[in-house]
Amino acid sequence: GAVVSQHPSWVICKSGTSVKIECRSLDFQATTMFWYRQFPKQSLMLMATSNEGSKATYEQGVEKDKFLINHASLTLSTLTVTSAHPEDSSFYICSARRLGSGRQETQYFGPGTRLLVL
Amino acid sequence: QQPVQSPQAVILREGEDAVINCSSSKALYSVHWYRQKHGEAPVFLMILLKGGEQKGHDKISASFNEKKQQSSLYLTASQLSYSGTYFCGTPGAGGTSYGKLTFGQGTILTVHP
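The listed protein sequences correspond, in order, to chains C and A. Here the first sequence stands for residues 532 to 649, numbered as in our numbering. Here the second sequence stands for residues 17 to 129, numbered as in our numbering.
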């Protein structure tokens with residue numbers, strides 16, 4: 532199977548600090564990873580697409596200067612929430628895109644990171 | 017555009033069946049199904065790539081009607097472990113949307129003993 536890890540799983544921080552979240556594909560290479568945010572009882576909202584070796588592309592309404600994304604290798608993408616505020620508290624989930632035969636491509640999700648900003 | 021799932025929630029007893037529907041207002045190239053348990057990340061169930069395709073995994077199967085722009089997930093003889101929120105995801109067509117999935121609002125499935 533395809534395994535994606537995320538670290539840390541829980542973060543509690545003070546308002547104004549920056550938080551870095553790592554997403555790793557453990558047994559496959561992923562040129563593309565995605566970052567989602569999920570609020571309680573809501574669906575997954577795509578924040579940005581992380582591309583290895585190039586700049587991330589952000590969805591409308593997502594501040595690229597606040598949510599810094601770095602895709603340094605084929606197995607690692609990082610999301611840094613800069614100057615976090617209480618409204619940034621959420622469940623952040625990454626996924627890694629794995630290409631299969633034909634048109635089959637699948638996203639495998641990491642276990643998620645719960646961020647609580649006090 | 018976000019696909020629409022129905023129903024919003026289902027409550028079952030063990031052994032009962034359920035159907036979850038996912039429909040889109042735009043052309044569908046494939047449909048991805050995921051299940052998310054409370055407090056956890058979504059887990060991939062299956063992908064359907066072409067119209068008329070049907071797939072199954074254990075007692076969970078799905079169909080894809082490309083013309084009707086919809087997919088259905090069938091849960092047969094439900095087990096307690098089936099409880100969770102089910103999401104369908106539909107990919108972008110191309111360009112900057114390539115590879116992105118837009119998820120439906122989710123269907124909460126609760127299975128009671």
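For glycine and all other residues, C-beta sits at the position ideal for the given N, C-alpha and C.
- The count of Cβ pairs closer than 8 Å, one atom from the stretch 580–587 of chain C and one from the stretch 596–611 of chain C, reaches three, so the stretches are in contact.
- Under DSSP, residue 577 of chain C shares a beta bridge with C/567.
- Residue 642 of chain C sits in coil when the DSSP states are folded into three classes, being neither helix nor strand.
- In this structure the stretch 620–631 of chain C does not touch the stretch 77–93 of chain A; the number of beta carbon pairs closer than 8 Å is below three.
- If only uninterrupted beta strand (DSSP E) runs of at least 3 residues are considered, those enclosed by the stretch 52–122 of chain A are 59–64, 70–73, 76–81, 86–91, 100–107, 117–119.
- Between the stretch 118–128 of chain A and the stretch 93–108 of chain A, the count of Cβ pairs shorter than 8 Å is three or higher; the stretches touch.
- By the CB criterion at 7 Å, residue 45 of chain A and residue 61 of chain A fall outside the cutoff.
- C-alpha of residue 541 of chain C to C-alpha of residue 637 of chain C: approximately 26 Å in a straight line.
- When only Cα atoms are considered, residue 84 of chain A and residue 70 of chain A end up about 15 Å apart.
- In this structure residue 569 of chain C is in contact with residue 576 of chain C, their Cβ atoms being roughly 7 Å apart against a cut-off of 8 Å.
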